[in-house]
Every structure is written in C-alpha cells, then in structure tokens.
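Counting along the first sequence from 1, when you hit position 294 you're at 1109 in our numbering, and nothing is skipped either side.
Below you'll find the structure, written out as structure tokens, and then a few comments.
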Amino acid sequence: MDIPKQYDPKEAEQSHYERWEKAGYFAPEINRDPNAPVFTIVIPPPNVTGSLHMGHALQHTLMDVLTRYKRMSGFRTLWLPGMDHAGISTQLMVTRALKKEGKSRHDLGREKFIERVWQWKAESGGQITVQMRREGASIDWSREKFTMDEDLSRAVREVFVRLYEEGMIYRGNRIVNWCPQDQTVLSDLEVDKLPQAGKLYYLQYPVKGSDRRVTVATTRPETMLGDTAVAVSPNDERYSDLLGATLLLPLTDREIPVIADEFVDPQFGTGAVKVTPAHDPNDYEMGVRHNLPQLVVIDQFAKMTAEAGERFAGLDRYKAREKVLEEFEQLGLLEKVVDYEFSISKCERCKTVIEPLISTQWFMRMEQLRDLALGLMASKKKPQFVPEVPYERVYTNWLENLRDWTISRQLWWGHQIPAWYNNEGEVFVARTEAEAREKAGSSELTQDQDVLDTWFSSALWPFSTLGWPDETKDLKTFYPSSVLVTARDIIFLWVSRMVMMGAKFMGPEPFADVFVTGTILAADGQRMSKTKLNGVDPLDVFDKFGVDATRITLAQVGSTDTRWNEKQVESYRNFANKIWNAARFCLMNSDGASLGPQASPPARGDKENFDSTESSPAGGDARATNTVAPALHDRWIISRLNKTALDVGSALAGYQFHEAVQTLYHFFWDDFCDWYIELSKNDVTSEEPGERRTLARTRLLSVLEQALRLLHPFMPYITEELWQRLPGVGKNYLHSAYADAEPTIMLAAYPVGDASLVDEQAEFEMQAIIDLISRVRNIRSEMNIKPAERVQILVGAPDEKLRKVYEGAVDQISRIVRASSVLISEQLDAPRASARAVLTGGAELAVPLEGLIDFDQERQRLKKEQDKLQAEADKLEAQLQNPNFVDRAPAERVAEVRDRITDIAQRKSQLQQNLENLQ
RNA sequence: AGGCACGUACGUCAAUGGUAGACGGCUUCCCUUACAAGGAAGAGGUUGGGGGUUCGAAUCCCUCCGUGCCUACCA
816 MDIPKQYDPK
826 EAEQSHYERW
836 EKAGYFAPEI
846 NRDPNAPVFT
856 IVIPPPNVTG
866 SLHMGHALQH
876 TLMDVLTRYK
886 RMSGFRTLWL
896 PGMDHAGIST
906 QLMVTRALKK
916 EGKSRHDLGR
926 EKFIERVWQW
936 KAESGGQITV
946 QMRREGASID
956 WSREKFTMDE
966 DLSRAVREVF
976 VRLYEEGMIY
986 RGNRIVNWCP
996 QDQTVLSDLE
1006 VDKLPQAGKL
1016 YYLQYPVKGS
1026 DRRVTVATTR
1036 PETMLGDTAV
1046 AVSPNDERYS
1056 DLLGATLLLP
1066 LTDREIPVIA
1076 DEFVDPQFGT
1086 GAVKVTPAHD
1096 PNDYEMGVRH
1106 NLPQLVVIDQ
1116 FAKMTAEAGE
1126 RFAGLDRYKA
1136 REKVLEEFEQ
1146 LGLLEKVVDY
1156 EFSISKCERC
1166 KTVIEPLIST
1176 QWFMRMEQLR
1186 DLALGLMASK
1196 KKPQFVPEVP
1206 YERVYTNWLE
1216 NLRDWTISRQ
1226 LWWGHQIPAW
1236 YNNEGEVFVA
1246 RTEAEAREKA
1256 GSSELTQDQD
1266 VLDTWFSSAL
1276 WPFSTLGWPD
1286 ETKDLKTFYP
1296 SSVLVTARDI
1306 IFLWVSRMVM
1316 MGAKFMGPEP
1326 FADVFVTGTI
1336 LAADGQRMSK
1346 TKLNGVDPLD
1356 VFDKFGVDAT
1366 RITLAQVGST
1376 DTRWNEKQVE
1386 SYRNFANKIW
1396 NAARFCLMNS
1406 DGASLGPQAS
1416 PPARGDKENF
1426 DSTESSPAGG
1436 DARATNTVAP
1446 ALHDRWIISR
1456 LNKTALDVGS
1466 ALAGYQFHEA
1476 VQTLYHFFWD
1486 DFCDWYIELS
1496 KNDVTSEEPG
1506 ERRTLARTRL
1516 LSVLEQALRL
1526 LHPFMPYITE
1536 ELWQRLPGVG
1546 KNYLHSAYAD
1556 AEPTIMLAAY
1566 PVGDASLVDE
1576 QAEFEMQAII
1586 DLISRVRNIR
1596 SEMNIKPAER
1606 VQILVGAPDE
1616 KLRKVYEGAV
1626 DQISRIVRAS
1636 SVLISEQLDA
1646 PRASARAVLT
1656 GGAELAVPLE
1666 GLIDFDQERQ
1676 RLKKEQDKLQ
1686 AEADKLEAQL
1696 QNPNFVDRAP
1706 AERVAEVRDR
1716 ITDIAQRKSQ
1726 LQQNLENLQ
C-alpha cells in the first residue's frame, strides 16, 4: 500500500475537476429521474474584468456546498454561471489600454472601440472562470451566459420596449449625478458618499437699495455664479422683512430674489441659503417649486461655462472656486471661513467628485414594480431572507422609499438604448431598427447614443439566462431558482431589482430564499480593499493550504462577519490530513475486506452490512456469537453516524453552515478517529485472518465511506480522491437518479440518517467506557506514569448491566490505556497504594501503584476532584433552596437537578472514602 | 442626523431563557507501526459597565461605554 503520510492537495485538485466537468456531472441532464425535484442557483455574475476575491470564494463555497448536497440527494441540479459586462469598469479598462498606445476611444470611434472591447474579452476577460474551476465549483459551464450575449440582449430590448409602452420608462430632463471623468450619468447607488474635511464659506450678498447684506454659507462658492435666488425659512423673523427683496449677486450683473422655502433650516449657518438650481439636487427641487431659472455655469467636464462670466469661463471648478473667493475677499464680501466636515459624492468606480448637472436621461418609474415586490413579501413572504433579521426589513424599507431609476449611461460599452429618432427629433422605441422604421414610416433614423445601466440587464438575469422571452424548457424547469447567495452590498443594487423584474415579467419571485453572507474582513478588522493592500488572495490560500481546507473554513463563516485568520485554515488543513490518514489506516488494513453491494439510496446508515453480520451463521457457542455480532462500539458509531447525518441535513436545510461544519468535524475527528478507530484496532489489526477481522475491517470501511460522502459537499477533492481508492465502491453506490454515470462520490447518495438507528442505549454505554478510559488516562498523567509502563486496572461495579458493558470492552480498554490487566468485579478490592476515581453509575476505579504512588499528590488530586463536585453541588443546592424554583420551574427540570445532586453526593462520599483510605 | 447590528477565554468564533463550548494558542508528558499537520493530560470566562424582568439571563427590556454597517436633501 503506497499512500504518503501527508496529504498533498495539489494532486487531487488537478485530476478530478476536469474529469467531472468532461463527464457532464455538473449538468442537470446527468439526472435521469423524470420525477426528480429541481434545485437551481443562478450565480451572481462576476464582472468580466474581475478576478477572484475572498468574497467570491465565500459565496461560491456556500453555493457549491448546497449544490453538491442537493445533487447527491437526487435533485435535478443546476448551478448556472455567467458574467456581467460591467459597463463602466470594462470601458475604463480598455480605455486605459488604449491610452498606453496614445489613443483615445474617440480616435477609434464607437464601432471600432466596441470591437476592441470584445477582443479584450476574448483574450483576457473571464479570468475568474478559470479560478472558479479551481475552487471546485460544480457549475454547469455548458450553460454559461454573458449579459451582452445576443439572447440576453434581446431580453433587455424586450423589457425596455414593454416598460416604455406601459409608460414606465420615460425620457426626462433632470438633475443627475454626473461623473466628469467617465463622462456619464450615474445612479444614486453608484455614488459613494464619503466624509470630507472641508470649509464652509460665508459670503455676503448686498441687498438692492439698502446697505444691508445677506450672508449665505456654502461649501461650494463657485456655484454662486449660478445662483438664481436666496432662500430663507418662511418663519424666520430675521429675514421676514427681506422676503421679496432683490439681491445684487456679486461678481455678476444679475439680480436675484429672496424667497421663502420650508426646506431651509433656520438653525443652520445663517439661515439663508443660496439657491443654484442647475448644480445642486436640493436647489433643483427648490427651483422647480419656485419656478426659478436654471443657470448652467458648470459643464460636463466640470469647467465653468460662458454663463459664469468671461473671467471664469473655461476654468476648472476648483480654480474657479479660488478666484471667486479672491474676488469676494477683495470686495470685502467674504465674511468668514470655518472648518467644516461634510460628505462628498464620488464616483464609485473612478473616485472623481460627482458634479450634479441637469441633463436629459432615461428614467424608470418604480411605483408599480416596487408594489409588486412588496406584495410578494406581504402575501408570500418571498424572498425569504436568511438571516431574516435584519435583511428583510432593510430590503422592504428601501423599497418603500424607492425613487425613479436613472437607466441611461453615456458609455459605449453596454446595451444601446433601443430608441430611434427621426429628423424631427421624434422618438420611436422598438425591438429592432426595422421595427422602429416601420413605426416611424421613415428610414432616416438615428439610434439613441446612450447605453443602459449595467444593472438593467443584471435585473433580468434569473430569467434571461434561461431563455426568456421564449418559453424554453429550461425556463419552465428551472425558474424560479431555489436560493440566491450574495453579499449584502448588492441587496438594493441587484437583489431588489431582480425581484421587481421577476415579479413583473414572470410572476413568481426569481428565487425562494436569499442567503446573505457575512463579510471576510482583513486581520486588522478593516474591509479588505485593493487600495489598502490588506486583502488576502484566495488563490494564495489555496496554494498554501489546499482548496478543501479553504472551503470548509469559509463554509463555517456563513453569515457572520469574520476577521481573516490564517490559523483557522491551517487547522482545517490539519483536518484534511486527519481524514487522509484515517483513510490511510483503513486502507492499510483492508486486506480481505471490501464494501459490499449497496442499495441506492443508502440513506439509512449502514444497515445492510450490519444487519447481514447479525444474520450470518453464528454457531452454537457464545464465543462464536461474540465474534460476529456488532460490538458496543459498532452500534455506537452507527448511532453517531446517523445522528450526524440527521444533524447535518437539518443544519443545511436552515443554511446553518457553521453548525454543519462543526458537526462533521467532531464526528470525524472525535467519534470516528479518536474512539471508533482506536476501539476497532484490536480486531482490525489482528494478525489472524478470519471472519472477525474481515467484518471489523468492512465495518470500518463502511463508516469511512459514509463519512466521506457526508463531507463531500464541503471538501470535494479529498473525498473523491479517497473514495475512489476504497475497495468495492462502484456504480451501485450512486444515487438511483445517476445510474448511467461512472462511479464518483459526487453522484453518490447523500446519507440522510435514520432516526431508528440512533441508539441512545449504545451511546450511554459507550459513554461509560469513554469515562473509564479518561479517568485512567488522567491518573496516568497526573501520577506521572511513563507511557511505556503497564498498569493494573481494577473496576468495581455493583450494577450488573454496567459490569457487562465493561467486560465486553476489556480488550479495547486494556489496549488503549496500556493495562497489564483489567479486572471487573462487583466490589472494588484494591491495595491501599492505589490511585482511585469514581465512575458513572456508582462504579469505582482503582489503579494499584505500589512504589509509584505519591500519597500526597494523590490526596491533592482527589481533593481537587471533590472541590469541583462541591462547587457544582453548591450551585444546585442553592437552586433547590429557592422555593420559587421548585414551584415554578418545570417538574422535569427540578427532577434533573435532584438526580444530579444525588449523583454528586454519591461520588463525593466515595471520594471521601478514598481519601480516608489514604490516611 | 436617523436607523440597524455587534461587544463571550490570549486570538477567531459558537451556544431554542435552563450546568458557557469549539478551533488555534499556552503548560506538562509522549516520535506508542494511520496521522508530530499527531496523541494524552491540564490551565484559562462574574459573557463590555450598571440597572430591570424572570424560579432561572450571554440570551428579553432600559441605560451608559466601545466598535462596525446602512440610509439621509442640512447649504
């Protein structure tokens, strides 16, 4: 047997994925059961420009755990992949590449530029799909989509036209967020508001026909050139006499009125606000209310226009600010300047300061769509957010306050708006240019130059990827999807919009559940970010610890925010190694054993193998029976295995990834490795070939095999690697839905666990053995008995059943605690020079240590034990002393406490006895 | 400015109102033929402070302190 002592993840990672993908195991078609339930996940499409980061790795791991789990459970499973064209990011990337060649996109022209983007995508886009394969993601690549594909583009146009015809999409002239760098409008969600240490400037405006001046405070003095009013609060007595007055706007020859508006907060600044309708969203609203002129003094490049006056025209906005301040200073109209912190809007892509501008754009009315989404939540509680608190409320609150969505973008890369204009400027919205011509009755049409917001096509993703607007088989089969796994930062940007569009065009919600993942923070507790250089590249972690270890580490993160801690991955790397070596042990001792034929689905533990052992010819004498009947530890591990399967199943059903991981970890390491393997060793490593040994080996392999299946969704590579090596696994281990496939653990049936195989009696008895062994180990350790030294074990157990339990495990106990002999009797009869301990059910333990025992040390050890018990007893006694507790707590609970006190009392008196014996 | 979370061992995190746990780290012993990426035995907590509800609180309520996140039209 040639298995290395250390697990090398690289090897397994290289071989299996390609085989799985080529064999078509990831595609739902592998499932041949026409009645199979369906499980669908559509991936949040990563940007075509993107590369894998920790957030992806987390999301993908969770999606893959669910997908593999459902697939093994016989579901017709589709995990549909794809990428987003990411308008601004991609255009920026290609623009930068052009810049290196000394060209701008305008040198190429629109058509050539787009060609260039496609070329870039073909050559270096989608790097992330390679990385996702590395993750082991069981994605159906045959259905991979791209938001700019022709069929998805068709869906975009269809939606646009239908919404336009319903009056929900319209063109309008409004103040918008403008990025002077990217030269496009942005939606509110694409703007970051960042705190900024700035100044508040107090400017004085002379009142016409008076010596008075009105002081206004502003953070942007340059916009005063576009002021068309000054507003005060209607009830502000300081200014009541000035209402209707005219101000002489400095640096210009314009006169502007003083108006009253509720918006103005008399407490802030001077209580008078300069109003610049063309360059501030609030002022814009006020301007509309008061019918003020919109004077554009800043252009799309953030430079001052001719309207700003000759001296300022062409100046950058910040240069203009300096000049305005200078002139105010000279005129003696600059009252004061104070430090002031405020928030400033920046383009989330390029970080340029946003310039609010009035511009003609396409908008989408959201009232109807919002009501549809809110209706789904109210009537069906869909989608179900996990964790429900706080996300459900965050989501609905946001919807309730929704405003119109700016959907046009002044970019070249994206879905060009399907609207055409004739020479008179009339607009014709249509699915194709031909359709538009027909509508217009003219062929002289020009298409709108703008493209749609990237999130427009993303909003359609759950159904456009399945073939909509055609009634495809995929659409009927896989919509709505089962769950969306995503980070919380795109709940508004994406999740809500998918729900609204899904409700509008499909009816049902696009996904039943939304699982919101936590955030992996950097070790310093900050967000991982490229600019801070504190990020951890998942690919580096894969290289260092292996994909499986990384995956299971991430899986247990689930929905909590966690600081990245490499030690955790290391510990799961060790876990992988533990699995490897446990399997190594089983395989090194598998001669003569082989896993038998297994019915599918083998959902119920290992009943077949174990039942068959019981029904095999036992012979007449008790000894022979003893060799074939399952021993206590066999019944115990089956019980543990089934409990584990049941727990993992319910944990995954509730998206409790952390619990699923913990359960599996402890089952494998503690139950299987530390106890079951150790207790099996007597039989498994026996020199004598024979039925007893073969059965023990088969049982061991069988438990291992099922444990691997349970672990597979979390650790796909190592489990497949080991499963393939197990003697006797084959096609008959596959779930019945996958009868045609070659043997692979990823299509084997996921153990569901069988409550009838949970054997509480066996677990109780096993606990007695574990307790005994632990006590002996404690004595050995505290008495400094050399590991090689053999000791005699004396057990006194008045209870006959308990005695039988101990007797049945004498060989195992003896081996594990390195005993020269283990004597079980009714009454303990041990020499004075013994270390003693109290066991379960009134049993007692003594380890004779003539010449080795340090009486003083032994007394201390017993005393310590006594103190522990006393402390617990005190607590419980206090509870019982409280009459309210006895009266009001459930009787069950009170009885529990009484039993425990009785038990402690007995142990204490035994310990006391032991102590006295030492005197 | 509002809203929402969170604060548990040295670190990262768990714990339907019912004896506060895991992993890593730490101490001691052991290269015992699956695994030193291992085994065994230990130490370590008035659950951020204070108050309340309850027979019983890490958990529910109030308050203070600290930390995050989201939303917002205060020039």
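Where is the CB? At the ideal position from N, CA and C, for every residue including glycine.
Item, Value
"Own chain, CB closer than 8 Å to P1558, minus 5 neighbours either side, in chain order", "Q1539, V1544, G1545, K1546, Y1548, L1549"
"W993, DSSP secondary structure in three states", "strand"
"Secondary structure of E826, DSSP reduced to three states", "helix"
"Cα-Cα separation between A1302 and E980, rounded to whole angstroms", "34 Å"
"Cα-Cα separation between R925 and Q998, rounded to whole angstroms", "15 Å"
"Buried versus exposed, by CB contacts within 10 Å (16 or more), K820", "exposed"
"Buried or exposed by the 16-neighbour rule on C-beta atoms within 10 Å, applied to C1165", "exposed"
"L1110 versus L1140 - alpha carbon distance", "20 Å"
"Nearest-angstrom beta carbon gap, I1639 and A1650 [assumed within contact, 8 Å]", "A1650 to I1639, Cβ: 18 Å. No contact."
"Straight-line gap, A952 to D817 (C-alpha atoms, nearest Å)", "30 Å"
"Ranges of the beta strand (DSSP E) found wholly within the segment 821 to 865, counting only runs of at least 3", "853 to 857"
"The segment 1325 to 1342 contacting the segment 1370 to 1382, beta-carbon criterion three pairs below 8 Å", "yes"
"DSSP beta-bridge partners of C1162", "V1006"
"Under 8 Å between C-beta atoms of R1450 and F1482", "no"
"Inter-residue CB distance, L923 and R911 (contact presumed, cutoff 8 Å)", "14 Å between Cβ atoms; not a contact."
"Given 8 Å, three or more beta-carbon pairs between the segment 867 to 881 and the segment 1598 to 1607", "no"
"Alpha carbon of R1209 to alpha carbon of E1100, nearest angstrom", "Strictly speaking, residue 1209 in this sequence is Val, with Arg absent from that position. Using only the alpha carbons, I get a separation of about 27 Å."
"Residue nearest to F1178 in terms of C-alpha spacing, selected from T1033, L1609, S1223, L1336", "S1223"
"CB of G897 within 8 Å of CB of P860, strictly", "yes"
"Option nearest R1136 by Cα separation, candidates D1068, P1036, V1314, I1232", "P1036"
"Option in L1191, D1263, L1369, A1688 with minimal Cα separation from A1318", "L1191"
"Beta carbon of S1296 nearer than 8 Å to that of V857", "yes"
"Collapsed DSSP secondary structure at L1064 in the structure displayed", "coil"
"Inter-residue spacing [alpha-carbon to alpha-carbon] between T962 and G1129", "40 Å"
"Close-in-space but distant-in-sequence residues of the same chain around A1652 (CB under 6 Å, 5 per side omitted)", "R1590, L1660"
"First and last residue of the uninterrupted beta strand (DSSP E) at G1611", "1606 to 1611"
"Beta-ladder partner(s) of L1660, from DSSP", "V1610, A1652"
"Sequence-distant residues of its chain with Cβ nearer than 7 Å to W1276 (five each side left out)", "V857, P860, M1313"
"Three-way DSSP call (helix, strand, coil) for D1689 in this model", "helix"
"Exposure label - D1042; buried when at least 16 CB within 10 Å", "buried"
"Residues near E1474 by beta carbon distance below 7 Å, same chain, minus five either side", "A1466"
"Pick from A1044, P1065, H1527, Y1206 that is closest to G1059, judged by C-alpha positions", "A1044"
"Secondary structure of T1211, DSSP reduced to three states", "helix"
"Any 3 or more C-beta pairs closer than 8 Å across the segment 1259 to 1276 and the segment 965 to 981", "yes"
"Separation of R920 from K1089, as counted between CA atoms", "39 Å"
"Cβ distance (whole Å) where L768 is taken to contact L1587 below 8 Å", "As displayed, the chain neither begins before 816 nor continues past 1734, which places residue 768 out of reach and without an answer."
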